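S.K.: Numbering (the numbering used here), first residue to last: 9 to 349.
The C-beta atom is built at its ideal place from N, Cα and C for all residues, glycine as well.
Every value quoted in this text rests on a predicted model; they were computed, and no experiment measured them.
(1) What are the residues that DSSP puts in a beta bridge with residue 67?
(2) Inspect the CB distances between the region 215-230 and the region 239-246 and report whether three or more fall short of 8 Å.
(3) How many angstroms separate the CA atom of residue 157 from the CA atom of residue 200?
(4) Just the C-alpha distance for residue 293 and residue 331, rounded to the nearest angstrom, thanks.
(5) Within this structure, are the beta carbons of residue 307 and residue 256 separated by less than 9 Å?
(6) Between the Cα of residue 82 and those of 90, 74, 73, 69, spot the shortest distance and give me the residue it belongs to.
(7) Roughly how many angstroms lie between the CA atoms of residue 327 and residue 337, to the nearest whole one?
(8) Let me check understanding here. Comparing Cα to Cα, which of 47, 13, 163, 168 lies closest to residue 277?
(9) Answer with buried or exposed for residue 27, where buried requires no fewer than 16 other C-beta atoms within 10 angstroms of its C-beta.
(10) For residue 191, which residues in the same chain have their Cβ closer than 8 Å to its Cβ, ignoring the five residues on either side in sequence?
(11) Bridge partners for residue 111 per DSSP, in chain order?
(12) Nearest CA to the CA of residue 252: which residue from 304, 127, 202?
(13) Taking all protein chains shown into account, decide if residue 172 is buried (16 or more other Cβ within 10 angstroms of its Cβ) or exposed.
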């Protein structure tokens, strides 16, 4: 078959022959902040801008006590016509203020899967699934954690999707409605995480200067972009996501919520990650992750390493390459997060 007959051929050539116009390509550290701010402004434009901040007006809907921590269910405003449902995990028996972490779930049944709850809301005693109850691992290390339902999951779905079962998401409707109105699912979710940081910072138990973020898969997407755009995040863990758009999002079947129109004119995924430098960043990747191929992960990581090297912050970048599929590892990341916060 002649290449020119393939519908993607011209687009592949465009990717291969045109440099991303705002990609990281610096040799002087004094240029870094100007580059970061310029790309930040462009990404905010591409993901659909952010709404006005409204008062959170939080409500605590329930509270349960467990061995070592308290779990609250809360609800608060994110923007006009948008509310966030979340769990907040608070460590017990601490005298000083503690770090606060936003734990961001991936595709599945939402926030319940990070705090030790089955799909139907009943408690479980052992971790399950690819997300491995990772919010519990964080709170057990003495950090406060907020675990929101990302828009399109859990309690934040359209009624017709809720009726299809626990794992049915509203991502497709969200992504297409958002894009045709000049927004993106990524942008709306990033804003929600920013409002979760606002909530953490108002808690008397939390040190508002020690805020972290950790996410897996689709939660890794949100963690990457939020950490790049919000400097209040002092340390980030991205699990099962950092790769390249070309070798993952464009080459493997992914959810519609991943797509940001026009972003490859300006930056690859690793360029966005470079914006986090010199703040601490940890990357987890499975050797057999079938939706974020490890070879492309290595390429992306090496680009990010260049930014940290330029800023003489190599000690603030680390990774865990583990033998396994698309899942949380945690063997290094939890303690690394505690160290930097």
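M.R.: Considering the structure as presented:
(1) Residue numbering aside, residue 67 sits at position 59 when the chain shown is read from its first letter. Beta-bridge pairing links residue 67 to 83.
(2) yes
(3) Taking the first residue of the chain shown as 1, we reach residue 157 at position 149. Taking the first residue of the chain shown as 1, we reach residue 200 at position 192. If you draw a straight line from the Cα of residue 157 to the Cα of residue 200, it is about 9 Å long.
(4) Numbered from its first residue, the chain shown carries residue 293 at position 285. Numbered from its first residue, the chain shown carries residue 331 at position 323. For residue 293 and residue 331, the distance between alpha carbons rounds to 9 Å.
(5) Numbered from 1 along the chain shown, position 299 holds the residue referred to as residue 307. Numbered from 1 along the chain shown, position 248 holds the residue referred to as residue 256. Taking 9 Å as the Cβ cut-off, residue 307 and residue 256 do not qualify as a contacting pair.
(6) Counting from one through the chain shown, the residue named residue 82 turns up at place 74. Per the Cα distances, 69.
(7) By 1-based counting over the chain shown, the position of residue 327 is 319. By 1-based counting over the chain shown, the position of residue 337 is 329. For residue 327 and residue 337, the distance between alpha carbons rounds to 11 Å.
(8) Taking the chain shown and counting its residues from 1, the one referred to as residue 277 is at position 269. Measuring from the Cα of residue 277, the nearest candidate turns out to be 47.
(9) Here the question's residue 27 lines up with position 19 in the chain shown. By the neighbour-count rule (16 or more Cβ atoms within 10 Å), residue 27 is not buried but exposed.
(10) Within the chain shown, residue 191 is the residue found at index 183, counting from 1. Closer than 8 Å at the Cβ level, and outside the excluded window around residue 191, lie 55, 56, 57.
(11) Start at 1 with the first residue of the chain shown, and residue 111 comes out as number 103. Residue 111 is bridged to 222.
(12) Sequence index remark: in the chain shown, residue 252 carries index 244 (1-based). Nearest of 304, 127, 202 to residue 252, Cα basis: 304.
(13) Stepping through the chain shown from its first residue, residue 172 is reached at position 164. Exposed is the call here.
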